[in-house]
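Numbering (the numbering used here), first residue to last: 2 to 151.
By construction, the Cβ of each residue, glycine as well, lies at the ideal position given by its N, Cα and C atoms.
Presented below is the structure to which this report refers.
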Ligand code: FES
C-alpha cells in the first residue's frame, strides 16, 4: 500500500483532524475502500486514536474497509421492500452472480450491500446499482438488469 498517496491527501487538508471526513472520502475514492494501513496512517498524521478514526468511518455507509466491486448493488430491505418481495429478489441476485449480501464477486464486478430504505418506498421493491435506481423489481427482470453492468 502506498502511504505516499495518503500523505498527499492528508497534506491537502493541512493534516487537520477537523478534515477527517474529507480525508476519508478522498482516500476511499483513491483506493475504492479504506485499507487498514491507510486508516492507521490517517489517525497517526491527524493525531487521533485509530479507534476514533475507525468509529467515524464505520458511521458512514459510503466508507468500507474491504475492497468493493466495480458496481455496488444496494438492495433495500426496509420494511416496504421486504414486504413486497425483496427476499426473492436477493435470492435471484445470488443465483445470477453467485454472491449474497456483504459479498463481492471474485472478478470484482459486483458488491452486494443491504440498505434499510432508499427513500422511494412507493417503487418497492427497489435496488440501486451505482447511481441508478431500479423500482418495482421482479425476479424475472434481475438478470437482464445485471447484464448491463460490465
Ligand atoms: S423500504 Fe425500500 S425504499 Fe423504502
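Cβ-Cβ separation, residue j to residue i (assumed contact under 8 Å), whole Å
| i | j | result |
| --- | --- | --- |
| residue 10 | residue 31 | 7 Å |
| residue 35 | residue 65 | 7 Å |
| residue 48 | residue 110 | Residue 48 to residue 110, Cβ: 39 Å. No contact. |
| residue 103 | residue 114 | 7 Å |
| residue 68 | residue 101 | About 17 Å; that fails the 8 Å criterion. |
| residue 121 | residue 134 | 6 Å |
Residue i: CB within 6 Å of a non-hydrogen atom of the ligand FES
| i | result |
| --- | --- |
| residue 79 | yes |
| residue 143 | no |
| residue 138 | no |
| residue 119 | yes |
| residue 125 | yes |
Check whether residue i and residue j have beta carbons under 7 Å apart
| i | j | result |
| --- | --- | --- |
| residue 51 | residue 41 | yes |
| residue 73 | residue 112 | yes |
| residue 22 | residue 14 | no |
Short CB-CB distance (under 7 Å) between residue i and chain D
| i | result |
| --- | --- |
| residue 15 | In summary, chain D is missing from the structure at hand, where a single protein chain is found. |
Contact test: residue i Cβ vs the ligand ATP heavy atom, cutoff 6 Å
| i | result |
| --- | --- |
| residue 71 | Absent from the structure shown: the ligand ATP. Ligands present: the ligand FES. |
Inset, instruction - Go through the region 91–149 residue by residue and report every complete run of the alpha helix (DSSP H) that reaches 4 residues or more, in order. - result: DSSP runs (the alpha helix (DSSP H)) wholly in the region 91–149: 140–147.
Legend entry - the region 77–97 contacting the region 118–126, beta-carbon criterion three pairs below 8 Å: yes
Legend entry - Inter-stretch contact at 8 Å, needing at least 3 Cβ pairs: the region 136–151 / the region 54–62: As far as the Cβ criterion goes, the region 136–151 does not touch the region 54–62, which means the pair count is below three.
Inset, instruction - Pair every Cβ in the region 143–150 with every Cβ in the region 86–102, then say whether three or more of these pairs are closer than 8 Å. - result: yes
Inset, instruction - Quick one: which unbroken alpha helix (DSSP H) runs of 4-plus residues sit fully inside the region 39–84? Chain order, please. - result: 51–60, 80–84
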